[in-house]
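Participant:
Protein chains in written order, with my numbering: chain A, 1 to 114; chain B, 1 to 116.
1) Rounded to whole angstroms, what's the CA-CA distance from residue 98/B to residue 53/A? Just pull it up for me.
2) Quick check on this structure: which residue in 90/B, 111/B, 103/B and 102/B has the alpha carbon closest to the alpha carbon of residue 25/B?
3) Looking only at its chain, what residues have a beta carbon closer than 7 angstroms to the beta carbon of residue 109/B, apart from the 5 residues adjacent to it on each side?
4) Can you pull the chain A residues whose beta carbon is under 8 angstroms from the beta carbon of residue 108/B, in chain order?
5) Can the beta-carbon of residue 118/B be found less than 7 angstroms from the beta-carbon of residue 85/B?
6) How many angstroms separate the CA atom of residue 44/B from the CA atom of residue 53/B?
7) Should residue 105/B be labelled buried (16 or more other beta-carbon atoms within 10 Å of its own) or exposed?
8) Once you ignore the five residues that flank residue 61/B on each side, which residues in its own chain have a CB closer than 7 angstroms to its CB?
9) For residue 18/A, count neighbouring C-beta atoms within 10 Å of its own C-beta (all shown protein chains included) and say buried if the count is 16 or more, exposed if not.
10) Residues in the segment 25-42 of chain B with C-beta within 8 angstroms of chain A's C-beta atoms, listed in sequence order?
11) Can you give me the Cβ contacts of residue 56/A inside the same chain, cut-off strictly under 6 angstroms, excluding the 5 residues immediately before and after it?
12) Quick check: the Cα distance between residue 28/A and residue 105/A, rounded to an integer number of angstroms?
13) Closer than 7 angstroms by C-beta to residue 17/B: which residues in its own chain qualify, once you throw out the five before and the five after it? Chain order, please.
14) Can you tell me which of the three DSSP states residue 97/A falls into?
15) Counting only the same chain and skipping the five closest in sequence on each side, list residues whose C-beta sits under 7 angstroms from that of residue 66/A.
16) Just the chain A side, please: which residues come within less than 8 angstroms of residue 83/B by C-beta, in chain order?
17) For residue 38/A, I'd like the list of residues in its chain whose CB is within less than 7 angstroms of its CB, leaving aside the five on either flank, ordered along the chain.
18) Taking the continuous beta strand (DSSP E) assigned at residue 55/B, which residues delimit it?
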């Protein structure tokens, strides 16, 4: 099936540093999502993105978070500065069209903030 | 408040048996319910989904039964195989379209173990 790639698979950084998580969505998809999963807890929606704009963000999407997809390249989630509670697995997802709800997920980036 | 609930938290069945995973939801505006299968270290993979206009969706050994009045649904896995051992997430969405952005609300998951 369609593949979403995420880079890197793991990232360890010190608290206060900046981190950028990269997502390579399915090539013809138009809608992009980030979700956060803490071990043992449910996957939670962070933000979705279409046509260069954030469509909706949750309360977990703090001011330190930002997303962009410059010139059709990677869809990125940037956290600046990071905090200990940002340690989690971050999943990127993409979906093709407004009328198609199917979201395809990447393998996740495991972020550890020390 | 959890909008999507799953039970049981974990389930063990023997190979060949039918596994039944349950899900319930709060928000009556939800109209799209995908089930995702996740193996350790991997991302969730869409298994099967249903819309609220249907009461049943079947795909091979996987069947969703949906009860809109009671806001409940279940995933039945017939002839369970050891390779089905994974965590299964029920999710819900208001779907795409005006006023909706397609975000998925996930349950906590059911971890299924199929014993050979």
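Just so it is clear, CB atoms sit at the ideal spot from N, CA and C, and this is done for glycine as well.
Computed from a prediction, not measured in an experiment: that's the story for all the values here.
Facilitator: On the basis of the data shown:
1) Reliability of the predicted coordinates at residue 98/B is poor, the pLDDT of 49 falling under 50, and the value obtained from them is presented with this limitation in mind. Looking at the two C-alpha atoms, the distance is approximately 16 angstroms.
2) 90/B
3) 6, 87, 88 and 89
4) 41 and 42
5) Coverage of chain B is limited to positions 1 through 116, which leaves residue 118/B absent and any answer about it impossible.
6) 25 angstroms
7) buried
8) 77, 78 and 79
9) exposed
10) 32, 34, 36, 41 and 42
11) 48
12) 15 angstroms
13) 80
14) strand
15) 78
16) Within chain A, no residue comes near residue 83/B; the closest Cβ sits about 17 angstroms away, beyond 8 angstroms.
17) 88
18) Run containing residue 55/B: none; DSSP gives neither H nor E here.
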